[in-house]
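*Asks:*
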Amino acid sequence: MQPHDFVEVFVRPLEELGVEYLITGSIAAIFYGEPRLTHDIDLVLILRSNHVDLLCNRFSLDEYYCPPPEVLRVELGRSHHAHFNLIHHASGFKADCYLFTGDELHRWAFEHRREVKLGPGAKIQLAPIEYVIIRKLQYFREGGSPKHLIDIQAMQRISGSDIDEEFLARELRQRGLIDLLPKIPQDL
Numbered sequence: 134m135q136p137h138d139f140v141e142v143f144v145r146p147l148e149e150l151g152v153e154y155l156i157t158g159s160i161a162a163i164f165y166g167e168p169r170l171t172h173d174i175d176l177v178l179i180l181r182s183n184h185v186d187l188l189c190n191r192f193s194l195d196e197y198y199c200p201p202p203e204v205l206r207v208e209l210g211r212s213h214h215a216h217f218n219l220i221h222h223a224s225g226f227k228a229d230c231y232l233f234t235g236d237e238l239h240r241w242a243f244e245h246r247r248e249v250k251l252g253p254g255a256k257i258q259l260a261p262i263e264y265v266i267i268r269k270l271q272y273f274r275e276g277g278s279p280k281h282l283i284d285i286q287a288m289q290r291i292s293g294s295d296i297d298e299e300f301l302a303r304e305l306r307q308r309g310l311i312d313l314l315p316k317i318p319q320d321l
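In terms of the numbering used here, the sequence shown opens at residue 134 and continues consecutively.
#1: Hey, which unbroken runs of the alpha helix (DSSP H) at 4 residues or more fall wholly within the stretch 284-320?
#2: How many Å lie between P279 and I317 at the Cα?
#3: Closer than 8 Å by C-beta to V185: which residues in its own chain qualify, once you throw out the five before and the five after it? Chain order, please.
#4: What does DSSP give as the partner residues of D229 in its beta bridges?
#5: Who pairs with V249 in a beta bridge, going by DSSP?
#6: How far does the beta strand (DSSP E) with L155 in it extend, from its first residue to its last?
#7: With distances taken Cα to Cα, identify the nearest neighbour of P200 among R306, W241 and A228.
#8: Considering only C-alpha positions, which residue in the set L251, R303, I266 and G158 is nearest to R145?
#9: Where does E299 land, buried or exposed, given buried means 16+ other C-beta within 10 angstroms?
#10: Kindly indicate which residue of H221, S294, L188 and V140 has the alpha-carbon position closest to the one of I87.
This is the structure in structure tokens:
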């Protein structure tokens, strides 16, 4: 699966609607690290109440699974962990959409996002590498999947010079994740 497939199916429609977003998760890890298969795209969205009906219309039920407007409004009302999925019927691609609810790390990530050009007229907004590493360590702590550690190892090896190590260490300490660093494989 190529990242641009997800771009066509999910990112372009969000841009058409004027919804600010960040790509994170495996797709971001691929850009900073090495290619691998993935089954979804992780997006952080700044979704406003006036976007809800527009989003439901653009991600119409004949082409996508999209939660009803009432569900999206409930998610918008959450103070943290707001989340929903979009699924493209024809491709089976899934977008895990996490809503910006004032979380300081999300705020920092939007302020430091990276625009990546994919070709003529095609670009994406990528979460900073530090954000991706922090979230992958959180997911590893929650679920134990080694794919997150392998992604981090590849990002460190290929894009390590881009990492603000001081910022990363401070954020990992604050989140109780610093002790997971030694678990990242060094020789793959």
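Where a beta carbon is used, it is the ideal one built from N, C-alpha and C, also for glycine.
Here the structure is a predicted model, which means the values were calculated and not measured.
*Replies:* According to the structure data:
#1: For secondary structure counted as the alpha helix (DSSP H) over 4 or more consecutive residues, the stretch 284-320 holds these complete runs in sequence order: 298-307.
#2: P279 and I317: Cα-Cα distance of roughly 9 Å.
#3: In chain order, P202, L205, R206 and L209 place their CB closer than 8 Å to the CB of V185, counting only its own chain and leaving out the 5 sequence neighbours on each side.
#4: D175 and N218, per the DSSP bridge assignment.
#5: Paired residues: I257.
#6: Segment E153 to T157, the beta strand (DSSP E) holding L155.
#7: For P200, the nearest C-alpha among the options comes from A228.
#8: Considering only alpha carbons, the answer is L251.
#9: By the neighbour-count rule (16 or more Cβ atoms within 10 Å), E299 is not buried but exposed.
#10: A question about residue 87 goes unanswered here, because the residues of the chain that appear run from 134 up to 321.
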